[in-house]
Amino acid sequence: MRFLFFLVCLVLVLDPMASMATETVTVAGTGDSQELLRRLAAAYQQKMPGVRVEVPDSIGSSGGVKATARGDCDLGRVARPLKEKEKAYGLHYRVFAYSPVVFVVHRSVTGIDNLTTEQILAIYSGKIQNWKELGGPDARILVANREKGDSSRSVLEKKIPGFRDLTFVGETVYSTPEAVEILSSHENTIGYLPLAMAIHSNLKVLKFNGIAPEAGAVLSGQYPLASPFGIIWKDGVKQSALGFMSYLFTPEARRLMQHFGVIATID
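Under mature numbering (1 follows the signal peptide of the UniProt record, and there is no 0), residues -21 to -1, 1 to 246 are what the sequence shown spells out, in order.
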């Protein structure tokens, strides 16, 4: 027994990292910030090798709220403020970035780099059904929409007059990663996504009413379509989770966010 104890002590002396059990921090929720947080998690783990940050596939903002409230994850990721009924869970909410919501098209849609409010409403209601009517190719417009309650759709409903009241045509997609996949793999499609997901896809990002979704335009309000990326947590969350959350407000994290086309908040 004493010999085994000696061996364990020897291993710990020779390899100090062996004495540090890797802690896992799970961040569950929206698909909108999924890829961004995976990149941030990878960068954080380089600095903190004793912590593993897992960002599982999307369960939506509402799913992230419920999982955090139940204690199924350490942190939740949301792309909207907490709803009134969700505040009863006693969760804390903090915005770490703002992401423009952008309209995107498949690369097969040539000749179009901007859509107006009126054109968006006409496309999503089925009044315009061919790209040729907008100066594009002679091809049927394939429309991808998001489910009611989706964070990106909620931004459009608030910021585009008439969008909320449309009777929509096209297909409904139920997660942001699925939307990227469908739009990327089908010609002549149009949809909307957080810029953080669109910027690293092969999709073409469109201007809205002649304004590109750049940081200055978002901050000034010229580009009105933007959603908050937030983190939620409960009282008593473990220190390793708080450490990762604090990292989101560092200069290094802000530089990574800029690469993803999102606008970091200032701590």
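Quick reminder that beta carbons are idealized off the backbone N, C-alpha and C, glycines included.
Just so you know, these numbers come straight off a predicted model, no measurement behind them.
Closest Cα partner of residue i within the set the options
i, options, result
"residue 31", "6, 243, 97, 135", "6"
"residue 149", "130, 125, 234, 143", "125"
"residue 211", "241, 20, 24, 48", "48"
"residue 198", "172, 79, 53", "79"
"residue 172", "219, 25, 57, 81", "81"
"residue 200", "38, 23, 14, 77", "77"
"residue 61", "91, 9, 142", "9"
"residue 231", "26, 11, 1", "26"
"residue 160", "185, 58, 236, 85", "85"
"residue 40", "18, 129, 174", "129"
"residue 96", "110, 203, 133", "203"
"residue 98", "185, 233, 14, 205", "185"
"residue 187", "221, 139, 237, 155", "139"
"residue 122", "18, 241, 166", "166"
"residue 250", "229, 177, 189, 106", "In the structure displayed, the chain extends from -21 to 246; residue 250 sits before or after that span and is not available."
"residue 23", "243, 240, 222", "222"
"residue 193", "229, 242, 132", "242"
"residue 158", "73, 132, 236", "132"
Classification of residue i by the beta-carbon crowding that lies within 10 angstroms, buried from 16 upward
i, result
"residue 28", "exposed"
"residue 127", "exposed"
"residue 36", "exposed"
"residue 63", "exposed"
"residue 214", "exposed"
"residue 225", "exposed"
"residue 153", "exposed"
"residue 117", "exposed"
"residue 234", "exposed"
"residue 175", "buried"
"residue 262", "Coverage of the chain is limited to positions -21 through 246, which leaves residue 262 absent and any answer about it impossible."
"residue 1", "exposed"
"residue 151", "exposed"
"residue 21", "exposed"
"residue 59", "buried"
"residue 89", "exposed"
"residue 141", "exposed"
"residue 114", "exposed"
Residues of its chain near residue i, where Cβ-Cβ distance is below 7 Å and the 5 sequence neighbours each way are ignored
i, result
"residue 3", "31, 33"
"residue 108", "119, 120"
"residue 145", "100, 103, 104"
"residue 71", "211, 212"
"residue 16", "6, 34, 56"
"residue 220", "4, 53, 54, 212"
Which of helix, strand or coil DSSP assigns to residue i
i, result
"residue 145", "coil"
"residue 134", "helix"
"residue 104", "helix"
"residue 125", "strand"
"residue 7", "strand"
"residue 153", "coil"
"residue 96", "helix"
"residue 158", "helix"
"residue 86", "coil"
"residue 78", "strand"
"residue 112", "helix"
"residue 166", "coil"
Own chain partners of residue i with C-beta closer than 8 Å, once the 5 adjacent residues on each side are dropped
i, result
"residue 163", "85, 180, 181, 182"
"residue 43", "7, 8, 9, 52, 55, 56, 57, 211"
"residue 134", "80, 204, 205, 206"
"residue 190", "196, 201, 202"
Close Cβ partners of residue i (< 6 Å) along its chain, the five nearest in sequence each way excluded
i, result
"residue 68", "48"
"residue 147", "103, 124"
Within-9 Å CB hit, residue i to chain D
i, result
"residue 175", "Among the chains of the structure shown, chain D does not appear; only one protein chain is present."
**Request:** Note down, one range per segment and in chain order, each alpha helix (DSSP H) of at least 4 residues found wholly within the segment 171 to 245.
**Result:** Within the segment 171 to 245, the complete alpha helix (DSSP H) segments at least 4 residues long are 174 to 177, 194 to 199, 218 to 226, 230 to 238, listed from N- to C-terminus.
**Asked** Counting only runs that start and end within the segment 25 to 74, where is the beta strand (DSSP E) found for 3 or more residues in a row?
**Response** Segments of the beta strand (DSSP E) lying fully in the segment 25 to 74: 30 to 33, 54 to 57.
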